[in-house]
Amino acid sequence: MEEKIILLIEDNPDDIDLTLRAFKKNNIVNKIIIARDGEEALEHLFGANAVKPTLVLLDLKLPKIDGLEVLRKIRSNEKTKLYPVVVLTSSTEQSDLKAAYELGSNSYIKKPVNFEVFLEAVHKLGVYWLILNEPPVE
Numbered sequence: 654m655e656e657k658i659i660l661l662i663e664d665n666p667d668d669i670d671l672t673l674r675a676f677k678k679n680n681i682v683n684k685i686i687i688a689r690d691g692e693e694a695l696e697h698l699f700g701a702n703a704v705k706p707t708l709v710l711l712d713l714k715l716p717k718i719d720g721l722e723v724l725r726k727i728r729s730n731e732k733t734k735l736y737p738v739v740v741l742t743s744s745t746e747q748s749d750l751k752a753a754y755e756l757g758s759n760s761y762i763k764k765p766v767n768f769e770v771f772l773e774a775v776h777k778l779g780v781y782w783l784i785l786n787e788p789p790v791e
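When you read off a place in the sequence shown, starting at 1, and then add 653, the result is the number in the numbering used here.
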């Protein structure tokens, strides 16, 4: 059985810590790879030691290469185009939401401010994408 890897693409150290704490509190013990900017994310996906994540959690406001461009590159590549990508962002811009879906995001979640609400959101993400969802077989 293949290891289910989560690629967390997030530049804010506080949001990284919050997400990791939420995963731990929800007993999500999958390997989590963190990319702190869009360039690092693309290296994890397309570089010499590329990973095949079961789930990509993508922030939009990233340094070097923004999240929408990362999503565009994921969807335009034959190898990665079917990877589940959930946008997890603090952006409330309708234009970001629309662009994310137009580029093929599987889901768009605004980061809750309250930790308890965030815990519940992470729990639901984990149950759905890591347990219930059936990805295509390559």
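C-beta atoms are modelled at their ideal positions from N, C-alpha and C, and glycine is treated no differently.
Proximity below 9 angstroms, CB of residue i to CB of residue j
i      : j      : result
Arg689 : Ile718 : no
Gly691 : Pro716 : yes
Leu741 : Leu711 : yes
Ile687 : Leu713 : no
Leu673 : Ile685 : yes
Selected residue, minimal CA-CA separation from residue i, among the options
i      : options                           : result
Leu671 : Val775, Leu721, Leu756 and Leu695 : Val775
Gly757 : Val709, Val790 and Ala701         : Val709
Lys777 : Pro788, Val790, Arg725 and Ile762 : Ile762
Thr707 : Gly700, Leu735, Gly720 and Ala752 : Leu735
Glu655 : Tyr754, Thr733, Asn683 and Arg674 : Asn683
Ile700 : Lys732, Leu713 and Lys714         : In the sequence on display, residue 700 carries Gly and not Ile. Considering only alpha carbons, the answer is Lys732.
Val739 : His697, Arg674, Leu783 and Val790 : Leu783
Pro788 : Pro737, Glu693 and Asp664         : Pro737
Ser743 : Gly720, Asn702 and Val790         : Gly720
Asp664 : Ala694, Val766 and Phe768         : Ala694
C-alpha gap between residue i and residue j, whole angstroms
i      : j      : result
Leu785 : Ile659 : 15 angstroms
Asn730 : Lys764 : 28 angstroms
Glu746 : Val770 : 21 angstroms
Val790 : Leu750 : 29 angstroms
Lys705 : Val780 : 19 angstroms
Ser760 : Phe768 : 20 angstroms
Ala753 : Ala703 : 23 angstroms
Ser748 : Glu696 : 27 angstroms
Arg728 : Lys657 : 20 angstroms
Residue-level contact to chain D via CB, residue i, 9 angstroms cutoff
i      : result
Leu671 : You won't find chain D in this structure, because it holds only one protein chain.
Report the start-end ranges of each beta strand (DSSP E) in the segment 673-724 that is 3 residues or longer and not cut off at the edges.
Fully enclosed beta strand (DSSP E) runs of 3 or longer: 684-688 and 708-711.
Can you list the beta strand (DSSP E) stretches of 3 or more residues lying completely in the segment 727-763, in chain order?
Within the segment 727-763, the runs of beta strand (DSSP E) at least 3 residues long that lie entirely inside it are, in chain order, 738-742 and 760-763.
Is there contact here, the segment 715-732 with the segment 671-681, by at least three beta-carbon pairs under 8 angstroms?
Counting C-beta pairs with one atom in each stretch, the segment 715-732 and the segment 671-681 have fewer than three that are closer than 8 angstroms, which means they do not touch.
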